[in-house]
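A quick write-up on the structure given underneath.
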């Protein structure tokens, strides 16, 4: 929350909202899938909570259409399934598995995630 507030104060959220509004106006049909795919990747870089908070602030400021908002939610929800750092829930599940003696490494998770997440994300984005 502090991170997003700092980005709002420094104007980053406003700039992102401006770029988002421009992109949605220029290519309305492509805006949703593009935003969803971008957020799907971003969630693995910074985790889905800060990515979602930042996206939510930018989407609210940009006042984009509902399909773009829906695509953003899809990206934030499905994207973290690529890597173990994508969401806190994944880290908690991995800790629970380790307590039970089941070891799932980052490489193994990424290999499976690379096969599962991109097609699931693409299908969800293009169906919505």
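Numbering (my numbering), first residue to last: 51 to 178.
Glycine is no exception: its CB is placed at the ideal position from the N, C-alpha and C atoms.
Item to check | Completely contained alpha helix (DSSP H) runs for the segment 81-167, where each covers 4 or more residues | outcome: 98-112, 116-128, 138-149
Checklist entry - Residue range of the alpha helix (DSSP H) that residue 76 falls in? => result 62-76
Checklist entry - When the Cα of residue 138 is compared with those of 152, 104, 100, which residue comes out closest? => result 100
Checklist entry - Distance, Cα to Cα, residue 172 vs residue 149? => result 34 Å
Next on the checklist: Tell me the residue span of the alpha helix (DSSP H) that contains residue 53.
Outcome noted: Annotation: the continuous alpha helix (DSSP H) that includes residue 53 extends over 52-59.
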